[in-house]
Amino acid sequence: MTHQYDFLVIGSGIAGLSYATKLARHFESRQEAVSIAIITKVQADETNTKYAQGGIAAVWSKEDSFDKHIEDTVDAGDGLNKRDIVEIVVKEAPARIQELIDYGTRFDRHGEDYDLAREGGHSDHRILHFKDITGAEIERALLEEVQRHRSIQIFTHYYAVELITQHHLGETVLRYREDIKCFGAYVLNTQTGEVDKFLAKTTMLATGGIGNIYQSTTNPTIATGDGIAMAYRAKGICDNMEFIQFHPTSLYQPGKKPSFLISEAVRGFGGILKNADGSTFMEQYDPRLSLAPRDITARAIDSEMKRNGTDHVYLDVRDADYEKFLEHFPNITQHCLDLGIDIRTDMIPVVPAQHYLCGGVRVNEWGQTNIHFLYAAGECSCTGLHGANRLASNSLLEAVVFSHRAFLHTIEQLSQAVIPDDVPDWDDSGTTHPEEQVLVTEMTRELNSIMSNYVGIVRTNRRLRRAYERVELLYREHEQLYRESKVSVPICELRNMINVSYLVIKMAMSRRENIGLHYNLDNLK
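Mapping of the sequence shown onto our numbering: residues 5 to 529, in sequence order.
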């Protein structure tokens, strides 16, 4: 089946929904006809956005300043940030957040003022939040806003398989060819098993992160790097893939996926990291103690676990005002209680887990990739904001700022977009349904093991070489399976995770200094 729209949005998190909303409001205000398709591989609200607990950062009080937020962001990013991008995001933040409020997002207040939290790496209180489920609240408000617009159609349980470029018209597309164009995507209807053709003048990648290449992640199971892998195969340029942020404090529950996140805001609220004997340790690693940036804190915890031979450390909130803590973190409090952890008397067992990717598909200041009429926003993109490490609560902010800027650029460039008449249908002739799904399951487990053991918080040249060699073997095995099989979500997700893992490993091997989230013991010699 062929679908044709003015705009195709792949992903239904904060970036995709914001972008679609801006387009709909723009054309509807002019009483111009427009068609916008949002595709999402499961239900519309199952996104990385939904799982964001802490909040969204912006200069909101008179005591704070743009300069302080800029410097905090650059400091956390170890100076590898693009400073002009940092300035754009920080200065445009209040206007973008006000739009979220106008859409119906409820942020916590103290009377007439917003309750601004502080998290690790921030020099002031600037985190707007809704309890400890900020992302879910933003997702709710945006979905309700999207549903007000008849020009937007959401396709749930549709899985993007491949971006459509000149390659599919029979042309040779090289990686650094400057005139690559995107015409939409081939998309698997998971309910019929058929691959449909979604043609569009402009395509937005808003597909989230890559967490499930690791054994332990706070990301939902849908976070398999799909947008990054599709862009890479379409000859899109990717940057900074070595910078994998491990959240220092996921709840210790062996085998649980996704890991339950104990928000950074808990440490901002007064939570203190401790060993099992109650001793503190962050004073040995950073003068900011438990409020140090995530890369430093995660490595400190990793070091303590190895030194003590333990599987986790603890976060102690027993001295916090319980009623205020419960007001701020009802979800975390109840989740712990359900597991027999009473935060009034018990320390919370925590361990680092993969949380966020600071790299992705390279975009310019307008969210534009090197492929014409293809944009990327949110975690799948690399804007230069985060540098070598993301400052807490800057991720939701980056998504809304860049989805807005991509919208502005899209409007300017739209008249130049043309959809060819001869885009072929998906061709799966000669393929069969794979009889042994266990192959995909076992290859996924092996990939998770490789990435977790060899490309984690602390790396070495030997571990990276071993990871590279083993992932290359997995790639060869899987490509043969992919070529012989009719597409399915598990097969495609594994393909994307292998592609993304390769990029992470390759860029980690190329990084010769320890900076931000990349820490190689051999670089110390």
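Note that CB positions come from ideal geometry on N, CA and C, so glycine has one too.
With contacts defined by Cβ atoms closer than 8 Å, R449 and Y458 do not form a contacting pair. Contact between G382 and A403 holds: CB atoms are separated by about 4 Å, below the 8 Å threshold.
It is roughly 44 Å from the alpha-carbon of Y107 to the alpha-carbon of Y479. Shown here, Q170 sits in a helix according to DSSP, grouped into three states. When rounded, the separation of the alpha-carbon atoms in H413 and L525 is 43 Å. In this structure the segment 416–424 does not lie against the segment 273–282, because fewer than three pairs of beta carbons, one per stretch, are closer than 8 Å.
Membership of K201 in the beta strand (DSSP E) is indicated by the continuous run E198 to L209.
In the three-state reduction of the DSSP assignment, N52 falls in the coil class. Under the DSSP assignment, V354 falls in the beta strand (DSSP E) whose first and last residues are I352 to L361.
Excluding five sequence positions before and after S407, the CB atoms of its chain that fall closer than 6 Å to its own CB belong to A19, S22, Y23 and A381, given in chain order. When the alpha-carbon of N452 is set against those of Q151, V150 and E497, the nearest one is in E497. Take the alpha-carbon of L178 and the one of A204: they are about 22 Å apart.
Runs of alpha helix (DSSP H) with 4 or more residues, each lying fully within the segment 101–183, are found at 138–150, listed in chain order. Counting along the chain, Y256 sits inside no beta strand (DSSP E), nor does DSSP assign it H or E at all. Closest by C-alpha distance to Q195, out of K185, Y163 and I502, is Y163. With contacts defined as CB atoms closer than 8 Å, H133 and S65 fail to qualify as a contacting pair.
Counted as a single uninterrupted DSSP element, the alpha helix (DSSP H) harbouring G231 occupies residues D230 to R237. Contact check for L12 against G188 passes: the beta carbons are separated by less than 8 Å. Apart from sequence neighbours up to five positions away, the residues of its chain that approach H172 with a beta-carbon distance below 7 Å are V427 and P428, ordered along the chain. Residue pairing by DSSP places Y318 opposite K278 and P353 in a beta bridge. Spatial neighbours of E308 in its own chain (CB-CB distance under 7 Å, excluding positions within 5 residues in sequence) are listed in chain order as N279, F285 and V317.
Excluding the 5 residues flanking it on each side, M513 has same chain C-beta neighbours closer than 8 Å at N465, L468, R469 and Y472, in chain order. The Cβ-Cβ distance between M208 and E166 does not fall below 8 Å.
Using a C-beta cut-off of 8 Å, the segment 342–358 makes no contact with the segment 384–399, since fewer than three inter-stretch Cβ pairs fall below that distance.
Here G188 is bridged, per DSSP, to L203.
Assignment of beta-bridge partners to T44 by DSSP yields T160.
DSSP, reduced to helix, strand and coil, places V508 within a helical segment of the structure shown. Under DSSP, the beta-bridge partners assigned to H7 are F202.
Sorting N368, E182, E481 and I266 by C-alpha distance to the C-alpha of F333 places I266 at the top. Membership of R366 in the beta strand (DSSP E) is indicated by the continuous run G364 to R366. Under the three-state reduction of DSSP, D243 is assigned to strand.
Judged by pairs of C-beta atoms under 8 Å, the segment 61–78 does not touch the segment 37–52, as fewer than three such pairs exist.
In the displayed model, Y379 falls within a strand according to three-state DSSP.
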